[in-house]
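Visitor:
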Amino acid sequence: MDDKPNPGTLSESSEPLFSFGVIADIQYANLEDGYNYQGNRRRYYRHSLLHLQGAIEYWNQESTPPCCVLQLGDIIDGYNAQYKASERSLELVMNTFQRLRVPVHHTWGNHEFYNFSRDYLTNSKLNTKFLEDQIVHHPETVPSGSYYAYHFAPFPKFRFILLDAYDLSVLGVDQSSPKYQQCLRMLREHNPNMELNSPQGLSEPQFVQFNGGFSQEQLNWLNEVLTFSDTNQEKVVIAIFPFTQRPLTLCAWPGITETPQSFGLMSVWCVSSPVTLTMAATVRTLSVCTTSI
């Protein structure tokens, strides 16, 4: 395989195999519109529900509906916790999703953990691990229960993988647990600021509290799934809390994203857009970062 595969382009004559929807950062709260932390981007707290309803109506009305929708995290805003409205707001958004006629796969972002503990999320409707696929005779592709990740095949020779971008994090974890102490120690080793959400003066500004990372256990599992997909010539789509390589404050903590360089991922992000064999690239180049805002 080439190190830099060319996914090709979608032409008028390309026959679609299937489509899927993508939505992220709904961040609903029963509040008037406001602005983000930097004050340069408008936040539609209450009205975000209208955008979700519009997306659902669009997907439902398509002549060929998407096979599923990927919800990439921050489904409600952290403000809900301050007003003790977390459960009520989540129920409202999840009830809206019930209008959708196809399955929804949920990932978790930092705002999920501002509102709920990991234990709560594991037992909530935001845990869609029951939609995972089991690969017969390949137990190494079954994730452990210590992180929230799974994979499924929406179409022959395609595999979608959901990852847990807050597998290692101080958010949503019992502060008396060894895992919390491990993550806090890792964070303080790189961030001496009193305010751990501040990247001020840091040479590695990604080491802030609202970020997280991937345990070696999860990455080893990911490598097993990618190995299977590579061997069986599957195209792979990674569903993860939205990530970017710049700015560095929006990247995962380094040192916890190590995996053999022979495998990796190429993501295809298309909101309810047709996927063809020419669009989806084969796995090769590793890129693991998380967005947390």
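109 is the number that the working numbering gives to position 109 of the sequence shown; each next residue is one higher, with no gaps. Virtual Cβ for every residue (Gly too), placed ideally from N, Cα, C.
Would you list the one or two residues that DSSP bridges to H106?
Guide: Along the sequence shown, read from residue 1 onward, the residue named residue 106 stands at position 106. According to DSSP, H106 bridges with Q71.
Visitor: Going along the chain, which residues of its own chain have a beta-carbon closer than 6 Å to the beta-carbon of E15, five neighbours each way excluded?
Guide: Position 15 of the sequence shown, counting from 1, holds the residue named residue 15. Excluding residues within five positions, none has a Cβ falling inside 6 Å.
Visitor: So who's on the other strand from V22, going by DSSP bridges?
Guide: Within the sequence shown, numbered from 1, the residue matching residue 22 stands at position 22. DSSP links V22 through a beta bridge to L70.
Visitor: Going by Cα to Cα distance, which pick from Y180, N60 and Q209 is closest to N191?
Guide: Residue 191 sits at position 191 when you count from the first residue of the sequence shown. For N191, the closest C-alpha among the options Y180, N60 and Q209 is that of Q209.
Visitor: Looking only at C-alpha atoms, which of T141, R88, E87 and Y114 sits nearest to A153?
Guide: For this step, residue 153 is matched to residue 153 along the sequence shown. Comparing C-alpha distances from A153 to each of T141, R88, E87 and Y114 shows the shortest one belongs to T141.
Visitor: Can you tell which of C183, F158 and L196 has the C-alpha that lies nearest to the C-alpha of Q233?
Guide: For the purposes of this step, residue 233 is identified with residue 233 of the sequence shown, where counting begins at 1. Ranking C183, F158 and L196 by CA distance to the CA of Q233 puts F158 first.
Visitor: By the three-class DSSP mapping on this structure, what secondary structure does A55 have?
Guide: Start at 1 with the first residue of the sequence shown, and residue 55 comes out as number 55. Here A55 sits in helix by DSSP.
Visitor: Grouping DSSP H, G and I as helix and E and B as strand, with all else coil, what is L90?
Guide: In the sequence shown, residue 90 corresponds to position 90, counting from 1. Note: L90 maps to helix in three-state DSSP.
Visitor: Let me know if S86 comes out buried or exposed under the rule of 16 or more other beta-carbons within 10 Å of its beta-carbon.
Guide: Taking the first residue of the sequence shown as position 1, residue 86 is located at position 86. When all chains shown are included, S86 counts as buried.
Visitor: Would you decide whether Y35 is buried or exposed? Buried here means 16 or more other CB atoms lie within 10 Å of its CB.
Guide: Residue numbering aside, residue 35 sits at position 35 when the sequence shown is read from its first letter. By the 10 Å Cβ count, Y35 comes out exposed.
Visitor: Since L168 sits in a beta bridge, which residues does DSSP pair it with?
Guide: The residue you call residue 168 lines up with position 168 of the sequence shown. G213, per the DSSP bridge assignment.
Visitor: Would you kindly work out how many angstroms separate the C-alpha atoms of L163 and E32, rounded to a whole number?
Guide: Counted from its first residue, the sequence shown places residue 163 at position 163. Counted from its first residue, the sequence shown places residue 32 at position 32. One C-alpha to the other measures close to 32 Å.
Visitor: Measure the beta-carbon distance from M94 to K129 and round it to whole angstroms, keeping in mind my assumption that it falls under 8 Å.
Guide: Along the sequence shown, one-based indexing puts residue 94 at 94. Along the sequence shown, one-based indexing puts residue 129 at 129. Not quite, the Cβ-Cβ distance comes to about 16 Å (not below 8 Å), so this is no contact.
Visitor: Check whether the region 113-125 and the region 55-62 touch, using three or more Cβ-Cβ pairs below 8 Å as the test.
Guide: no
Visitor: State the Cα-Cα distance for the pair Q82 and Y148, rounded to the nearest angstrom.
Guide: Within the sequence shown, numbered from 1, the residue matching residue 82 stands at position 82. Within the sequence shown, numbered from 1, the residue matching residue 148 stands at position 148. C-alpha separation (whole angstroms): 26 Å.
Visitor: Taking 8 Å as the threshold (C-beta atoms), are G212 and S144 in contact?
Guide: Residue numbering aside, residue 144 sits at position 144 when the sequence shown is read from its first letter. Residue numbering aside, residue 212 sits at position 212 when the sequence shown is read from its first letter. Not in contact: S144 and G212 (Cβ atoms no closer than 8 Å).
Visitor: Quick one: is G73 buried, meaning 16 or more other Cβ sit within 10 Å of its Cβ, or exposed?
Guide: Counting from one through the sequence shown, the residue named residue 73 turns up at place 73. It is buried - the Cβ of G73 has at least 16 other Cβ atoms within 10 Å.
Visitor: Are the CB atoms of L187 and F160 nearer to each other than 8 Å?
Guide: Looking up residue 187 in the sequence shown gives position 187. Looking up residue 160 in the sequence shown gives position 160. No. Outside cutoff.
Visitor: Work out the CA separation of Y79 and Y37 for me, nearest whole Å.
Guide: For the purposes of this step, residue 37 is taken as the residue at position 37 of the sequence shown. For the purposes of this step, residue 79 is taken as the residue at position 79 of the sequence shown. If I take the Cα positions, the gap works out to 12 Å.
Visitor: Can H111 and Q27 be called in contact, C-beta distance under 8 Å?
Guide: Translated into the one-based positions of the sequence shown, residue 111 becomes position 111. Translated into the one-based positions of the sequence shown, residue 27 becomes position 27. Yes.
Visitor: Measuring only the C-alpha atoms, how far is K295 from S229?
Guide: What is shown of the chain runs 1 to 293, which leaves residue 295 out entirely.
Visitor: Using the rule of at least 16 other Cβ atoms within 10 Å of the residue's Cβ for burial, across every protein chain shown, is D77 buried or exposed?
Guide: Working through the sequence shown from its first residue, we reach residue 77 at position 77. Buried: at least 16 other Cβ atoms inside 10 Å.
Visitor: Check H151 in the structure and name its three-state DSSP category.
Guide: Working through the sequence shown from its first residue, we reach residue 151 at position 151. It is a strand residue.
Visitor: By Cβ distance, which residues of its chain are closer than 7 Å to N197, with the 5 residues on each side in sequence left out?
Guide: Stepping through the sequence shown from its first residue, residue 197 is reached at position 197. Around N197: V208, Q209 and F210.
Visitor: Hey, H151 and V225 are a contact pair by Cβ (cut 8 Å); roughly how many whole angstroms apart?
Guide: Residue 151 sits at position 151 when you count from the first residue of the sequence shown. Residue 225 sits at position 225 when you count from the first residue of the sequence shown. Going by Cβ atoms, the distance from H151 to V225 rounds to 5 Å, so yes, they are a contact pair.
Visitor: Run through DSSP, which three-state label would G255 get?
Guide: Counted from its first residue, the sequence shown places residue 255 at position 255. Because G255 sits at a pLDDT of 41, beneath the cut-off of 50, its placement in the model cannot be relied upon, and the following sentence gives the value as read from the coordinates. In this structure, G255 counts as coil in the three-state DSSP scheme.
Visitor: Less than 8 Å between the C-beta atoms of H51 and Y44, yes or no?
Guide: Taking the first residue of the sequence shown as 1, we reach residue 51 at position 51. Taking the first residue of the sequence shown as 1, we reach residue 44 at position 44. Yes, the Cβ-Cβ distance between H51 and Y44 is below 8 Å.
Visitor: What does DSSP give as the partner residues of V142 in its beta bridges?
Guide: Start at 1 with the first residue of the sequence shown, and residue 142 comes out as number 142. Beta-bridge pairing links V142 to no other residue.
Visitor: Residues in the same chain with beta-carbon distance under 7 Å from S48, minus the five sequence neighbours each way, listed in chain order, please.
Guide: For this step, residue 48 is matched to residue 48 along the sequence shown. So the qualifying residues of the chain are I26, Q27 and Y28.
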